[in-house]
Structures are given as structure tokens and as C-alpha cells.
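Residue numbers for the sequence shown follow the numbering used here, so the first one is 16 and each next one is one higher. The structure under discussion appears below in the form of C-alpha cells.
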Amino acid sequence: MLLRLKRHPQTTDSPTRRPSRLARWRRLSASERGTALLETALTLPLLLLVSVSIFEFGRAYQHWQVLTNAAREGARIAVLPNITTAAVQARVRAYIDAGQLQNSASTQVLVDGNKTVSIGGAATAKASLVTVNYPFSFIVLNPVARLINGPTTLGSAFTMVATAEMRNESQ
């Protein structure tokens, strides 16, 4: 068996060979670099949006938890006899400040000390209802959402509401 090598038409001194597998692999991987960069450019903003959304909604949940506990703390004070609305509001704002929430001055605290609640059967009792309204706004999600969708309500400020109701101790 005789092996004949074809010569490259431009050069007469070296026979042409098929490119090795390694050379083909290098050529393919070099052409796929641009594809990987494009895929990264398309998926990275989406991945960042999901990550920021998780962070922002976790922050919103933490705020809601502090507000719920502040309303509960206000209701514990509101059920005491001879307590003033100002004392309840001060206690709620102090709890919000201790929870390190911003804008505690713009928090609205409503106290209703004459609420009637059912305690079973036909019996009723007086209770106190404390409602806390807190203006919450997303830090990062709102600007990112506007970049993607222009004028949108996604990520815009809203009012968180937390309520707590407890039976008055004077009965």
C-alpha cells in the first residue's frame, strides 16, 4: 500500500494534511467566544433584576414585620385604662425607630379605643384597634423597572398597613 500525500497548490515543498482535532477544536472555540459573550450580555440583566427583586422584597417583608410588631405593641398599650392616644402613637413610633425604619415621622398611627368585638355568643366587649400606615418605597427596583419598561408602577412607592386589635382591660 502506497501512501500519497496531496500537495497544497500554493506551496510545493510541504504536503497538506487534514487539520488535527485540536486545531479544529481551537477554531470552533474561538468562534464560540462571541456567542458566549452575547448570551452573557442577554442573561446578565435578567439575572441582576431577579437578584435585586429578591433583595427588595426581602427588605419590604422586614419592614412589614416591624410595622406589624409596632401595631401590636401599640395595641398592648392602648388596652390599658386611662391611656392617651398620644402615648400609644409615641410607643408605636419608638418601636419603628428601634426597628431602624426610615420615615417614622411620616408614619400615620390611628387608634380606635371604642371598638366593639364579639367574645362569644351574644356577648360583646370593648377593644382597641391600632392601625399603622407607613409609606414604603423600593430603593433599587423602581429605577431598574423604569429602565426596562419606561413609565411603570412596578417598584413605585405604596402604603404598608398593619393593624392589631386587643380587648380592653377595663372590663
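For glycine and all other residues, C-beta sits at the position ideal for the given N, C-alpha and C.
About 7 Å separates the beta carbon of Val107 from that of Val145, a gap short enough to meet the 8 Å contact definition. Separation of Arg182 and Ser171 (C-alpha to C-alpha, rounded to the nearest whole angstrom) is 36 Å. Around the beta carbon of Ala137, fewer than 16 other beta carbons sit within 10 angstroms, so the residue counts as exposed. Taking each of Thr50, Asn97 and Asn157 in turn and checking the Cα distance to Glu71, the smallest one comes out for Asn157. In this structure, the alpha-carbon of Ala142 lies about 14 Å from that of Asn97. Burial state of Phe153 is buried, judged by a 10 Å Cβ sphere holding 16 or more other Cβ atoms.
Around the beta carbon of Tyr110, a 10 Å sphere encloses 16 or more other beta carbons of the protein chains shown; the residue is thus reported as buried. DSSP, read as helix, strand or coil, puts Gly136 in coil. The beta carbon of Thr83 is closer than 6 Å to those of Ala177 in its chain, skipping five residues each way along the sequence.
Going by DSSP, Thr174 is part of the beta strand (DSSP E) stretching over Phe173 to Arg182. Within the same chain, Ser143, Val145, Ala179, Glu180 and Met181 come within 7 Å of Ala90 by CB-CB distance, once the 5 residues on both sides are set aside.
The C-alpha of Leu52 lies about 21 Å from the C-alpha of Arg39.
Secondary-structure assignment with DSSP links Ser143 through a beta bridge to Met181. In this structure, Leu64 is the residue among Leu59, Leu64 and Gly49 with its C-alpha nearest to the C-alpha of Asn164. A residue is called buried when at least 16 other Cβ atoms come within 10 angstroms of its Cβ; Glu54 does not meet this threshold and is exposed.
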